[in-house]
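Colleague: Before I ask anything, here is the structure I am working with.
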Amino acid sequence: MVYEQMRRFFEFSGRTGTLAVALVAVAVLLLVVFPNLPVGGDMLDTKPGYAYQEAMASMEEYGADGRTTYALASMSLDTLFPLAYVTLFAGLIYRFRATEGTWWLAYIPVVAGLCDLLENVQITAMLVQYPDIGAVQVAWASAFTTVKWWIGSGYQILGVGLLLLAAGRAVFARIRGGDES
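For the sequence shown, the positions run 1113 to 1293 when the working numbering is used.
And the structure:
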């Protein structure tokens, strides 16, 4: 049942209109919304990882208002963001897969999105609990952040690579077809 639901989600994500909406959502969040959040410092989830002292220094740098803003954004906007990028990259990977047997690669951004959501929960808890944050909690948050970034590099390269490969094939087919007429 989950298999069928995910397959339908991947098919939906691979539609041209869905890809366009997801791309716009990702771009707006990355280029307009997140850079302009008044948190008072670099957001932890934009780093490849962080140690306890770095997390505590960031929390202090944000100040009370920055921590509140970051916590609200983490549980709202940064919940929409994984949905947008998972839809975009799962759609690209599914639509432009090399063979039917490789459709399951569309699960890769889903795993990254789940890590992102778990990271958001940990970061929000730290923002709310500051200064009573334990080293173990920071380690968990940083681990989810690190895994998200590692997986992110892979699915981004895969998604864009498959798109470019499909575009190259289409151009080649058009050129080749033009020679025969």
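We put the CB at the ideal spot given by N, CA and C, even for glycine.
Buried or exposed, going by whether 16 or more other CB atoms sit within 10 Å of the CB of V1214?
Modeller: Val is not the amino acid found at residue 1214; the sequence shown has Thr there. Counting Cβ neighbours within 10 Å, T1214 comes out exposed, since fewer than 16 surround it.
Colleague: Measuring only the C-alpha atoms, how far is T1270 from I1205?
Modeller: Note on identity: in this sequence residue 1270 is Leu, with Thr being the wrong assignment. L1270 and I1205: Cα-Cα distance of roughly 7 angstroms.
Colleague: Compute the Euclidean distance between the alpha carbons of L1229 and L1239, then round it to the nearest angstrom.
Modeller: One C-alpha to the other measures close to 15 angstroms.
Colleague: How would you write the range of the alpha helix (DSSP H) that D1190 sits in, first residue to last?
Modeller: Counting along the chain, the alpha helix (DSSP H) containing D1190 begins and ends at 1189-1207.
Colleague: Taking its Cβ as the centre, do 16 or more other Cβ atoms sit within 10 Å of M1113, making it buried, or is it exposed?
Modeller: So M1113 counts as exposed.
Colleague: By a C-beta neighbour count over all protein chains shown, 10 Å radius and 16 as the cutoff for buried, is L1217 buried or exposed?
Modeller: Buried is the call here.
Colleague: Do you know how far the Cα of G1178 is from the Cα of M1187?
Modeller: Going by the C-alpha atoms only, they are around 14 angstroms apart.
Colleague: Kindly indicate which three-state DSSP category I1269 falls into: helix, strand or coil?
Modeller: Of the three classes helix, strand and coil, the one that applies to I1269 here is helix, per DSSP.
Colleague: Quick one: Cα of V1300 to Cα of A1134, how far?
Modeller: Any property of residue 1300 remains undetermined from this structure, which presents the chain solely from 1113 to 1293.
Colleague: Counting along the chain, where does the alpha helix (DSSP H) carrying G1161 start and finish?
Modeller: Where G1161 is concerned, there is no enclosing alpha helix (DSSP H), given that its DSSP letter is neither H nor E.
Colleague: Contact between the segment 1233-1251 and the segment 1264-1279: three or more CB pairs below 8 angstroms?
Modeller: Judged by Cβ distances under 8 angstroms, the segment 1233-1251 makes no contact with the segment 1264-1279, as fewer than three pairs qualify.
Colleague: State the DSSP-derived secondary structure class of Y1242, mapped to helix, strand or coil.
Modeller: If DSSP states are grouped into helix, strand and coil, Y1242 belongs with coil.
Colleague: Rounded to whole angstroms, what's the CA-CA distance from T1180 to Y1162? Just pull it up for me.
Modeller: Rounded to the nearest angstrom, the two C-alpha atoms are 20 angstroms apart.
Colleague: Among the residues of its own chain, which have a CB less than 6 angstroms from the CB of W1261, if the five just before and after it don't count?
Modeller: These residues qualify, in order along the chain: P1160.
Colleague: Identify which residue in V1198, M1118, E1116, A1251 has its Cα closest to the Cα of L1156.
Modeller: Of the candidates V1198, M1118, E1116, A1251, the one whose C-alpha sits nearest the C-alpha of L1156 is A1251.
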